[in-house]
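Asks: My structure is below; once you've seen it, I'll send some questions.
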Amino acid sequence: MSDELYKEIILEHWKDPHHYGILKKADIDVTEMNELCGDEIRVMVKLNQGKIEGFSFVVRGCSIAKAGGSILSDLVIGKKILDVKKITPEKFLKEIGVEFTPARTKCALLAYSTLQKAI
Amino acid sequence: MAQTNFNPLKIKKDFPIFKNNPGIVYLDSTASSQKPQIVIDAVTNYYEKYYAPIHRGLYGLAQKSTDMYENARQKVAKFINAENEEIVFTGNASEAINLSAYGWARKFLKKGDVIVLTEMEHHSNIIPWIMIKKKCGVELFYLPYDKDLRLDYKKLFSSKIDLKRIKLVTITHASNVLGTINPVKEIIRYYKNKGIKAKFLVDGAQSIPHIKIDVKDIDCDFFAFSSHKMLGPSGVGVLYAKKEILEEMDPLFFGGQMIKIVTKESATWADIPARFEVGTGRKEAVIGLGAAVDYLEKTGLKNIEKHENELTKYGLKLFKKFEKYIDLYGPKTPENRLSVFSFNFKDIHAHDSADILNRSKVCVRSGHHCAQVLMKCLDVIATARASLYLYNTKEDLDKLGSAFEEVIKIFKLQ
Ligand SMILES: Cc1ncc(COP(=O)(O)O)c(C=O)c1O
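In order, the protein sequences belong to chains W and U. Take any residue in the first sequence, count from 1 to its spot, add 25: that is its number in the working numbering. Take any residue in the second sequence, count from 1 to its spot, add 1008: that is its number in the working numbering.
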């Protein structure tokens, strides 16, 4: 049995997600659903002069969706919106560094897709 | 005649899927069952030896094909103690319920009428009634369940509903999430004795694979089910309705096969049940369903029920053992209960546990199981679900237990 999917990185972010919670006075505050499994994510972003100054999220979903949000937060905070837009799904998945099955790729990209759609 | 000695290991051998997927632990029969060789053979034989259109040709092969099709209808009718003309073939249970909604309810219900349903219904027995509510202005009343997740059908009488306004009561015979078997016969009798003059629909999608059905004994007006959950092929389902109800119902689809006389401006309808079966029939699926009925009768539903009840008891013990880690959503007692176990590891999403179980070749479902109303009542977004059928064994449940240990290990649960 391989533990590839549930590598330490996923479990650590799942237990202790970064930037998890409500961001007050956010400029962007969107909620999206993954229809396949009913997972729900709320993504909040604070913008300042074309940059992502603050990011937080709350998720009702699986460990991979949660870890995806956590890893995304570390990646995008402080970055220019234009640069964030340039991050492709493939690039983001590489950042996580875990091989996902097609069904779980959707979970991993839940936060990412929500953010890209909103900006 | 039913077999007297039921041996689950022998039963498993009747299902080629297990030979072709060694080691697989199939625990998703509530979604769809596996098929025994005789059902597969019935479909193949029909294609290889008897295939021809039905209800049309005068030549021998077409006649044989028609006989086989109508013979399957007889088998199904006998299986549930109905008359042949009370069996309408539809695409599945969902279409059967829609036929009763649009063919009957839409014609006869009006503003102010009430439809009673339950919080444990599948979407297929909710959405058609929401549509009827939108179209006819009826009200919907949902019966709740009690602490042991059994239907609290007497709650109706402490509600503010005017009993005279109730025109339809529609209840699932068994919950696809909780495993609860609802005592539909007692419920119908109880409601009728209290003066409720409604029609009664039973969603039998989850009961007919497991327990003996007698529609006359239950005394329901409609009974809906799907072939694919009871060992038969996909693509066919059944709406049973009492003859006098079918006679007054409107057809839903129009075209070939459902007519008597057609002119440029008008048409008259064929007799029941043909009136509700538009176009070319689902021949191979219907014939396969007939073979599935044969198989169930030969095996004996009493035997199946007894075997599955043993599995339910064993399963409940397993979940008891893991109760520190796992919440089980369903009755904790084995009576009137299917071997269906919806569960969640505390704090762990159903997708995570299902994914880990899958690595031990344990196939369970995860998600909302087409029961979002129930999910909301249970206050969960999703559950994992292990569901068993006649070919499952205690060893399968042992493997589920070992796979649980893996989840505990990977997520480092204390
Ligand atoms: C209780 C119940 N009713 C209806 C259905 C719908 O069956 P089908 O999808 O075959 O139409 C299901 C299927 O899961 C079910 O469990």
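The beta carbon of each residue, even a glycine, is placed where N, CA and C say it ideally should be.
If we define contact as Cβ-Cβ less than 8 Å, is Leu135 of chain W a contact residue for chain U?
Replies: On the first sequence, position 110 is the one that residue 135 of chain W refers to. So no, Leu135 of chain W is outside the interface.
Asks: Taking just the CA atoms, how far does Ile1095 of chain U sit from Phe1231 of chain U?
Replies: Position 223 of the second sequence holds residue 1231 of chain U. Position 87 of the second sequence holds residue 1095 of chain U. In a straight line, the C-alpha of Phe1231 of chain U is about 10 Å away from that of Ile1095 of chain U.
Asks: Got a sec: which bits of the region 79-105 of chain W sit with their beta carbon under 7 Å from any beta carbon on chain U, in order along the chain?
Replies: Arg85, Gly86, Cys87 and Ser88
Asks: Can you pull the DSSP bridge partners for Glu57 of chain W?
Replies: Walking along the first sequence from the start, residue 57 of chain W turns up at place 32. Answer by DSSP bridge pairing, in chain order: W:Ile66.
Asks: Beta-carbon separation of Pro1342 of chain U and Thr1320 of chain U under 8 Å?
Replies: Counted from its first residue, the second sequence places residue 1342 of chain U at position 334. Counted from its first residue, the second sequence places residue 1320 of chain U at position 312. Yes, the pair counts as a contact, with Cβ atoms nearer than the cut-off.
Asks: Using a threshold of 8 Å, state whether the C-beta atoms of Lys104 of chain W and Gly75 of chain W are closer than that.
Replies: For this step, residue 104 of chain W is matched to residue 79 along the first sequence. For this step, residue 75 of chain W is matched to residue 50 along the first sequence. Taking C-beta atoms as the reference points, Lys104 of chain W and Gly75 of chain W fail to come closer than 8 Å.
Asks: Using a Cβ-based criterion (distance less than 7 Å to any ligand heavy atom), does Gly1187 of chain U qualify as near ligand 1?
Replies: By 1-based counting over the second sequence, the position of residue 1187 of chain U is 179. No, Cβ of Gly1187 of chain U sits at least 7 Å from all heavy atoms of ligand 1.
Asks: Distance check for Gly1031 of chain U and Cys980 of chain U, CA to CA, integer angstroms please.
Replies: Residue 980 of chain U is absent from the model: chain U starts at 1009 and stops at 1422.
Asks: Tell me the start and end of each unbroken alpha helix (DSSP H) in the region 1070-1131 of chain U that is at least 4 residues and wholly inside, in chain order.
Replies: 1101-1108
Asks: Would the beta-carbon of Ala136 of chain W fall within 8 Å of that of Leu118 of chain W?
Replies: Locating residue 136 of chain W in the first sequence gives position 111, where the first residue counts as 1. Locating residue 118 of chain W in the first sequence gives position 93, where the first residue counts as 1. No. Outside cutoff.
Asks: For ligand 1, is there any heavy atom lying closer than 7 Å to the beta carbon of Ala1109 of chain U?
Replies: For the purposes of this step, residue 1109 of chain U is identified with residue 101 of the second sequence, where counting begins at 1. It does not: the Cβ of Ala1109 of chain U is nowhere closer than 7 Å to a heavy atom of ligand 1.
Asks: Near ligand 2, which residues have their beta-carbon closer than 5 Å to a heavy atom?
Replies: Here the bound small molecules are ligand 1; ligand 2 is not part of this structure.
Asks: Do Ser81 of chain W and Trp39 of chain W have their beta-carbon atoms positioned less than 8 Å apart in this structure?
Replies: For this step, residue 39 of chain W is matched to residue 14 along the first sequence. For this step, residue 81 of chain W is matched to residue 56 along the first sequence. No, these two residues do not count as a Cβ contact at 8 Å.
Asks: Buried or exposed for Glu1129 of chain U, going by 16 or more other Cβ atoms inside 10 Å?
Replies: To locate residue 1129 of chain U, count along the second sequence from 1; it is residue 121. Glu1129 of chain U comes out buried.
Asks: Can you name, in chain order, every residue of its own chain whose Cβ lies under 7 Å from the Cβ of Ala1282 of chain U, other than the five neighbours on each side?
Replies: As a working note, residue 1282 of chain U is residue 274 in the second sequence. The residues are Gln1265 and Met1266.
Asks: Please name the residue, chosen from U:Glu1318, U:Gly1263, U:Asp1360 and U:Ile1088, that lies closest to Asp1227 of chain U on a Cα-to-Cα basis.
Replies: Residue 1227 of chain U sits at position 219 when you count from the first residue of the second sequence. It is U:Ile1088.
Asks: Do Phe1353 of chain U and Ser1347 of chain U count as a contact pair if the criterion is CB distance below 8 Å?
Replies: Start at 1 with the first residue of the second sequence, and residue 1347 of chain U comes out as number 339. Start at 1 with the first residue of the second sequence, and residue 1353 of chain U comes out as number 345. Going by C-beta atoms, Ser1347 of chain U is not nearer than 8 Å to Phe1353 of chain U.
Asks: Does DSSP put Ile1140 of chain U in a helix, in a strand, or in coil?
Replies: Sequence index remark: in the second sequence, residue 1140 of chain U carries index 132 (1-based). In the structure shown, Ile1140 of chain U sits in a helix (DSSP, three-state: H, G or I).
Asks: List, in chain order, every chain U residue whose beta-carbon is nearer than 9 Å to that of Arg129 of chain W.
Replies: Taking the first sequence and counting its residues from 1, one reaches residue 129 of chain W at position 104. His1359 and Asp1363, listed in chain order.
Asks: Of all Cβ atoms in chain W, is any one closer than 8 Å to the Cβ of Ile1416 of chain U?
Replies: As a working mapping, residue 1416 of chain U is identified with position 408 in the second sequence. By this cut-off, Ile1416 of chain U is not an interface position.
Asks: Mind the definition here: the region 1138-1145 of chain U touches the region 1096-1115 of chain U only if three or more C-beta pairs lie below 8 Å; say whether that holds.
Replies: yes
Asks: Using a Cβ cut-off of 8 Å (strictly closer), state whether Gly1375 of chain U contacts chain A.
Replies: The chain inventory of the structure shown lacks chain A, comprising the protein chains W and U.
Asks: Met26 of chain W CB to nearest chain U CB: under 8 Å?
Replies: For this step, residue 26 of chain W is matched to residue 1 along the first sequence. Below a pLDDT of 50, predicted positions are generally treated as unreliable, and Met26 of chain W, at 38, falls in that range; no measurement from the model is reported.
Asks: Apart from the five residues on each side of it in sequence, which residues of its chain come closer than 8 Å, Cβ to Cβ, to Ser1040 of chain U?
Replies: Numbered from 1 along the second sequence, position 32 holds the residue referred to as residue 1040 of chain U. If we look at Ser1040 of chain U and ignore the five residues flanking it on each side, its Cβ neighbours are His1236, Lys1237 and Ser1242.
Asks: Chain U partners of Gly63 of chain W, CB-CB under 8 Å?
Replies: Translated into positions along the first sequence, residue 63 of chain W becomes position 38. Those within 8 Å of Gly63 of chain W in chain U are Gly1375, His1376, Gln1380, Met1383, Ile1389 and Ala1390.
Asks: Distance cutoff 8 Å, beta carbons only. Does Tyr45 of chain W sit that close to anything in chain U?
Replies: Numbered from its first residue, the first sequence carries residue 45 of chain W at position 20. Chain U, which has no Cβ nearer than 8 Å to the Cβ of Tyr45 of chain W, makes this no.
Asks: Measure the alpha-carbon distance for Leu1164 of chain U versus Arg1173 of chain U and round it to whole angstroms.
Replies: Within the second sequence, residue 1164 of chain U is the residue found at index 156, counting from 1. Within the second sequence, residue 1173 of chain U is the residue found at index 165, counting from 1. Going from the Cα of Leu1164 of chain U to the Cα of Arg1173 of chain U covers about 12 Å.
Asks: Just to confirm the assignment: which complete beta strand (DSSP E) runs, minimum length 3, are found wholly within the region 1224-1258 of chain U?
Replies: 1230-1234 and 1245-1249
Asks: Who are the neighbours of Leu72 of chain W on chain U, taking C-beta pairs under 7 Å?
Replies: Along the first sequence, one-based indexing puts residue 72 of chain W at 47. None at all; the shortest Cβ gap to chain U is about 30 Å.
Asks: Run the CB neighbour count on Lys1387 of chain U, radius 10 Å, all protein chains shown included, and call it buried at 16 or more, exposed below.
Replies: To locate residue 1387 of chain U, count along the second sequence from 1; it is residue 379. Sequence inspection shows Asp at residue 1387 of chain U; the Lys mentioned does not correspond to that position. That one is exposed.
Asks: So with CB distances below 8 Å, who are the chain U contacts of Leu118 of chain W?
Replies: In the first sequence, the residue the question calls residue 118 of chain W occupies position 93. The contacting residues do not exist; Leu118 of chain W stays about 17 Å from chain U at best.
Asks: Counting contacts by CB-CB distance shorter than 8 Å, is Cys30 of chain W in contact with chain U?
Replies: For the purposes of this step, residue 30 of chain W is identified with residue 5 of the first sequence, where counting begins at 1. It should be pointed out that residue 30 of chain W corresponds to Leu in this sequence rather than to Cys. Yes, contact with chain U.
Asks: Between the C-alpha atoms of Ser1234 of chain U and Gly1240 of chain U, what's the straight-line distance to the nearest angstrom?
Replies: The residue given as residue 1234 of chain U occupies position 226 in the second sequence. The residue given as residue 1240 of chain U occupies position 232 in the second sequence. Between Ser1234 of chain U and Gly1240 of chain U, the C-alpha separation is close to 8 Å.
Asks: So for Val109 of chain W, helix, strand or coil by DSSP?
Replies: Taking the first sequence and counting its residues from 1, one reaches residue 109 of chain W at position 84. The answer is helix: DSSP assigns Val109 of chain W an H, G or I state.
Asks: When DSSP labels each residue in this structure, what does Val41 of chain W get in the three-state scheme?
Replies: By 1-based counting over the first sequence, the position of residue 41 of chain W is 16. Residue identity differs from the one stated: residue 41 of chain W is Asp in this sequence, not Val. If DSSP states are grouped into helix, strand and coil, Asp41 of chain W belongs with coil.
Asks: Classify Tyr1248 of chain U: buried if its beta carbon has 16 or more other beta carbons within 10 angstroms, exposed otherwise.
Replies: Along the second sequence, read from residue 1 onward, the residue named residue 1248 of chain U stands at position 240. It counts as buried.
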